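Only one structure is covered here, and it is reproduced in the block below.
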Amino acid sequence: MNKHIIVHDLGLVNYQDALDYQLRLFNQIIKTKIQNRKNNTEIETENHLIFVEHPNVYTLGKSGDINNLLLNKNELNDKKIQFFNTNRGGDITCHGPGQIVCYPILDLDNFFTDIHKYLRFLEEIIIRTLNDFGIASERSENETGVWIDPDLAFSRKICAMGVKASRWVTMHGLALNVNNDLSFFENIIPCGISNKSVTSINKEIGKHISLDEVKKTIIKYFVEIFSAKLIKGVN
Numbered sequence: 011m012n013k014h015i016i017v018h019d020l021g022l023v024n025y026q027d028a029l030d031y032q033l034r035l036f037n038q039i040i041k042t043k044i045q046n047r048k049n050n051t052e053i054e055t056e057n058h059l060i061f062v063e064h065p066n067v068y069t070l071g072k073s074g075d076i077n078n079l080l081l082n083k084n085e086l087n088d089k090k091i092q093f094f095n096t097n098r099g100g101d102i103t104c105h106g107p108g109q110i111v112c113y114p115i116l117d118l119d120n121f122f123t124d125i126h127k128y129l130r131f132l133e134e135i136i137i138r139t140l141n142d143f144g145i146a147s148e149r150s151e152n153e154t155g156v157w158i159d160p161d162l163a164f165s166r167k168i169c170a171m172g173v174k175a176s177r178w179v180t181m182h183g184l185a186l187n188v189n190n191d192l193s194f195f196e197n198i199i200p201c202g203i204s205n206k207s208v209t210s211i212n213k214e215i216g217k218h219i220s221l222d223e224v225k226k227t228i229i230k231y232f233v234e235i236f237s238a239k240l241i242k243g244v245n
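Just so we're aligned, residue 11 is where the sequence shown starts under our numbering, counting upward by one.
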């Protein structure tokens, strides 16, 4: 089993280009797995960890409710915000500059074949990362993602998650609010949850945080929690 992970830090990339980049890696892994099964071979599959920022965009999961988008097409155009339907899990979310979006393209056959465990691992990576920046965060029962004070009336979500998997290969992933403009969340019902708010690292600790430092911390815990090895970076 190949537990090496290749990190790709793409910077600011529009959503469609990042999706195409994911799909190229995702489809290559699946192709290798199909060939292995057909030819009775054991060619190693790769694992990738993609970091991006997106220009302002709303994305809706495959089971999401379009009514959770509170803007019509003309209003989206006026605000210069893109919208995409996606094949990930989850409902609607917002991406924008200053937010770290992380797309793990993993062959879970290299680690474990359990999507529930995979999501819990992603949450744990973010919980430990936030702790390094002085923020106590938790899971919220029956709600995927990472939260601050999830059991209180003023609970707020700091990291949204939504994934897709096929043949135990993953794509899509998580979005951690760091320095992004949270006002864009006012145009949606985030993740379809109307009675809770969103927050960011910047808002919680009251200062601007280096995205590179946060990404380094995420990578550190990704390698630790998945018992993986970092072999090279792609910029």
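Think of the CB as a built atom: it goes at the ideal place given N, C-alpha and C, for glycine as much as any other residue. As the structure is a prediction and not an experimental result, all values here were calculated from the model.
Quick one, which of H64, Q38, P65 and L59 has its alpha-carbon nearest I53's?
Checked all of H64, Q38, P65 and L59; the closest Cα to I53 is Q38.
Is the distance from the Cβ of I168 to the Cβ of N187 below 8 Å?
Closer than 8 Å, so yes.
Rounded to the nearest angstrom, what separates F164 and S207 at their Cα positions?
Separation of F164 and S207 (C-alpha to C-alpha, rounded to the nearest whole angstrom) is 7 Å.
In its own chain, which residues sit with a C-beta less than 8 Å from the C-beta of D142, not counting the 5 before and 5 after it?
Around D142: T227.
Answer yes or no: do I125 and A175 have a C-beta to C-beta separation smaller than 8 Å?
Inclusion of I125 and A175 in the CB contact set at 8 Å is warranted, their separation being smaller than that value.
DSSP state of P160, grouped into three classes?
Look at P160 here: in three-state DSSP terms it is coil, with no helix or strand label.
Determine the extent of the beta strand (DSSP E) in which D19 is found, giving its start and end residues.
Judged by DSSP secondary structure, D19 falls within the beta strand (DSSP E) whose first and last residues are H14 to L22.
Give the range of the alpha helix (DSSP H) segment to which T180 is assigned.
Taken as a continuous stretch (DSSP letters only), T180 belongs to no alpha helix (DSSP H), being part of the beta strand (DSSP E) at V179 to N187.
Let me know the secondary structure DSSP gives L79 once reduced to three states.
Strand, per DSSP.
Taking 8 Å as the threshold, find out whether the stretch 42-61 comes into contact with the stretch 72-83 through three or more Cβ pairs.
The stretch 42-61 makes no contact with the stretch 72-83; the number of CB pairs closer than 8 Å stays below 3.
Quickly, what does DSSP pair V224 with across the bridge? List them, please.
The partner list for V224 (beta bridge, DSSP) is empty, contrary to what the question assumes.
N- and C-terminal bounds of the alpha helix (DSSP H) containing T42
For T42, the uninterrupted alpha helix (DSSP H) run begins and ends at Y25 to N49, by DSSP.
Got a sec, what are the start and stop residues for the beta strand (DSSP E) K174 sits in?
K174 -> beta strand (DSSP E) spans R166 to S176.
Would you kindly check if the distance between the Cβ of K13 and the Cβ of A238 is under 8 Å?
Yes. Within cutoff.
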